[in-house]
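Residue numbers (UniProt numbering): 1 to 622.
Even glycine gets a Cβ: it sits at the ideal position worked out from N, Cα and C.
Quick caveat: nothing in here was measured; it's all calculated off a predicted structure.
Take a look at the structure below.
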C-alpha cells in the first residue's frame with residue numbers, strides 16, 4: 001500500500017468528524033445527524049460507513065495528486081532524466097592481488113565495470129552485485145612504508161632548482177619474489193587515501209593542492225641517482241570514464257559530480273602518480289622511494305601518517321548493473337505495463353533506467369523497436385512506422401518483508417511503461433510481448449550485506465590473479481527517487497540555472513545560488529552534508545584577462561576569477577577542500593568553451609588555501 005494513503009485516510013476521517021460537527025451546528029435542521037462528536041461513534045455499523053467513506057475519498061485524493069508527478073516526471077525526463085532514478089548503493093573496494101606468482105611483470109588489467117558478486121548469500125535472496133568504476137592495473141608490487149617528512153628531512157630530496165619546499169610525503173614500493181623494479185611496465189599508479197576522521201582529506205589537500213614536485217630514487221642508504229618527474233600526479237574521479245553514475249546525453253555531466261559527492265565523498269579521495277616509467281627503468285633494485293615535495297608544512301601529521309593511509313588497487317564500486325527484464329505480456333485492456341526484472345525474485349531488483357524496449361509477436365523474431373518518446377529523433381517519413389515508449393515511476397505498494405516484518409527501511413519503486421506513437425496516443429499493434437533491457441539495482445540488499453566474514457567480501461566472475469576483494473567501508477544506503485511533491489519544483493528550478501546565475505556579484509548573496517543547488521543533493525544525504533552546505537559562506541566573482549592555457553600561439557582571453565569562502569568548523573572530519581575541488585570542476589564544466597574560470601578557495605580561519613590553474617570551459621554554445 002502506498003505510504004501516503006494512510007495520511008490521506010486520516011485527514012479525510014478527521015474532516016468528517018470535525019467539519020461534520022461544525023456543519024451540523026450551523027444547519028441543525030438539515031444536518032443534525034452529522035454531529036458524531038470528535039471520537040469514534042458508538043454504533044459500529046456507522047463507524048464502518050465513515051471509515052469506508054474516508055478510504056474511498058482518500059483514494060480519490062491520492063489519484064488526483066498523482067497526476068502532478070506525471071507532469072514533472074515527463075518534463076524531467078526531457079532535460080534531467082537522472083533525477084528520476086533511485087540512487088544506488090556505493091562503496092570503495094580493495095583488490096588483493098596474488099603476489100605468489102599470479103601477477104607477472106606485465107601486470108593484469110581489471111576493466112571498468114568488472115562484476116563483483118557478494119560472497120555471502122542471504123537465505124532466500126539473490127546475491128548482491130556491484131560493478132567497479134575505474135580501470136585497475138594489478139602489479140607484483142606492494143607499498144611497504146609511508147611517512148610524513150618535516151622540513152629538514154624533506155630538503156634532502158631537493159636539488160638546487162627546487163624551491164619553496166616545506167615538507168614531504170615519502171612512499172616506499174617493493175616488488176615481490178626479488179623481481180627488479182625496472183622489469184615492471186608501470187606508467188601510472190593510482191592510490192587511495194584511507195584512514196579515520198579528517199586525515200585522508202588533509203592528505204588530499206596536501207597532495208593535490210600543495211605538490212611542488214615528485215622525486216623518484218632507489219630505496220638504498222646512498223641513492224646513486226634521483227629523478228624529478230614532470231607533470232607528476234592528478235586527481236581521479238572527475239573524468240567521464242571514471243564515473244560511478246551513468247549520465248545520458250540530455251543531462252549535464254557536472255551534476256554527476258555533485259550527486260556522487262553527496263552520495264559517497266570518499267570516491268574522490270584518489271590520486272594518480274604519472275609518468276613513472278622513465279624513472280623506474282633506471283632502478284635495478286627491488287625497492288624504490290617516491291617522494292612528494294610540498295610547499296606547506298603540517299607538523300601535527302608527523303606521527304599520524306603511515307602506510308595504511310595509502311592503499312593500492314582500490315576502486316569505487318556501485319550496485320548498478322545491466323539486466324534483461326522478464327518479458328512483458330501485452331493486452332489491449334491496459335495502456336500501462338509494469339516492468340518486472342525477475343518474477344522469481346521481484347523484491348531483489350529495482351529498475352534504475354530502461355535502456356531498450358523491443359516488441360515481439362508470436363515468434364521469437366523482433367518486430368518493432370520502441371524509442372524513448374522524448375528522444376531527439378523525429379518521425380520524418382510518414383510511411384515509416386516509428387513507435388515510442390514512456391516510462392513512469394511510482395513507489396512500491398508493499399515493503400520487503402519476511403513473516404510480516406519489515407527487513408529494511410528502503411521501500412523502492414516500480415516502473416510502468418506505455419507504448420505510444422508520435423502523437424502520444426496509444427500504440428496499437430499485434431505485438432504479444434515486450435523485451436526490456438534495464439540498468440537495475442538490488443534494492444535493499446546492500447543494506448543487509450554481511451562484510452568481513454570469510455576470506456573475501458566479493459567473488460569475481462572472471463578469472464583473475466586476485467586473492468580477495470574487500471570493502472573498505474560499509475556500502476551506502478540506496479536513496480529513492482524524489483521527483484515528486486515539493487522536491488519536484490526544486491528540481492525544475494535547474495531549468496533556469498547557468499553559471500552566471502549561480503555566481504552573484506553581490507557580496508551578501510554571492511553563495512545563495514550555489515547553496516540552493518547543493519541542497520537539492522544534501523537534503524537527502526547524511527545530515528552532516530546540510531551543515532557543509534551552510535559552511536559555504538560566500539562566492540564572489542570578478543572579470544579578469546589572463547593568458548589562456550591552450551596549444552599554439554600565445555593568446556589572452558576574458559574569464560572569471562571566482563573566490564569561494566568556507567567556514568572550516570562546518571567541515572569537521574572531512575575538510576572543505578574536497579567539496580571545493582568538486583565545485584571547481586563543476587564550474588569549469590558549466591562554462592562555455594570560449595571562456596575560462598579560475599577558482600580561488602579561502603577559509604575564514606586560514607585565508608587563501610588554494611588557487612587552481614586557469615581552466616577553459618567545456619560547454620558548447622548554440
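A Cβ-Cβ separation of about 7 angstroms places residue 131 in contact with residue 114 under the 8 angstroms criterion. A Cβ-Cβ separation of about 10 angstroms leaves residue 201 out of contact with residue 581 under the 8 angstroms criterion. Each residue's CA atom was taken as its position, placing residue 390 and residue 417 some 5 angstroms apart.
The three-state reading of DSSP puts residue 144 in strand, counting E and B together. Relative to the Cα of residue 182, the nearest Cα in the group 4, 104, 73, 129 belongs to 104.
Secondary structure of residue 590 (DSSP, three-state): helix. A distance of 9 angstroms or more separates the beta carbons of residue 447 and residue 118. In this structure, residue 214 places its C-beta atom within 9 angstroms of the C-beta atom of residue 232. According to the DSSP assignment, residue 316 belongs to the beta strand (DSSP E) that extends over 314-318. Contact between residue 144 and residue 174 holds: CB atoms are separated by about 5 angstroms, below the 8 angstroms threshold. In this structure, residue 480 lies near residue 413, with their beta-carbon atoms less than 9 angstroms apart. With contacts defined as CB atoms closer than 9 angstroms, residue 177 and residue 99 qualify as a contacting pair. A contact between stretches requires three or more CB pairs, one per stretch, nearer than 8 angstroms, and the segment 135-151 fails this requirement with the segment 271-286. For residue 350, the enclosing beta strand (DSSP E) starts and ends at 350-360. For residue 437, same chain residues with a beta-carbon under 6 angstroms away, outside a window of 5 residues either side, are 324, 355, 356 in chain order. Membership of residue 264 in any alpha helix (DSSP H) is not indicated, and neither H nor E is assigned to it by DSSP. For residue 462, the secondary structure class from DSSP, reduced to helix, strand or coil, is coil. Nearest Cα to residue 449 within the set 255, 151, 473: 473.
Annotation for residue 111: no alpha helix (DSSP H) segment contains it, and DSSP assigns it neither H nor E.
For residue 557, no alpha helix (DSSP H) encloses it; the enclosing beta strand (DSSP E) starts and ends at 556-566. For residue 227, the enclosing beta strand (DSSP E) has its first and last residue at 227-229. Taking the Cα positions, residue 545 is about 18 angstroms away from residue 552. When rounded, the separation of the alpha-carbon atoms in residue 578 and residue 518 is 14 angstroms. Residue pairing for residue 437: DSSP places it in a beta bridge opposite 324, 356. Under the DSSP definition of a beta bridge, residue 423 lacks any partner.
With 16 or more other Cβ atoms inside 10 Å of its own Cβ, residue 82 counts as buried.
Contact between residue 415 and residue 339 holds: CB atoms are separated by about 5 angstroms, below the 8 angstroms threshold.
For the set 565, 566, 571, the Cα lying nearest the Cα of residue 529 is the one of 571. By the neighbour-count criterion, in which a residue is buried when 16 or more other Cβ atoms sit within 10 angstroms of its Cβ, residue 458 is buried. The C-beta distance from residue 93 to residue 469 rounds to 6 angstroms, short enough to fall under 8 angstroms.
For residue 345, the secondary structure class from DSSP, reduced to helix, strand or coil, is helix. For residue 473, there is no enclosing alpha helix (DSSP H), as DSSP marks it with neither H nor E. Rounded to the nearest angstrom, the Cβ distance from residue 168 to residue 312 is 20 angstroms, too far for a contact under 8 angstroms. Counting of Cβ neighbours within 10 angstroms places residue 442 among the buried residues, the total reaching 16 or more. Residue 97 and residue 466 do touch by the CB rule: their CB atoms are close to 6 angstroms apart, below 8 angstroms. In the DSSP assignment, residue 287 is bridged to 174.
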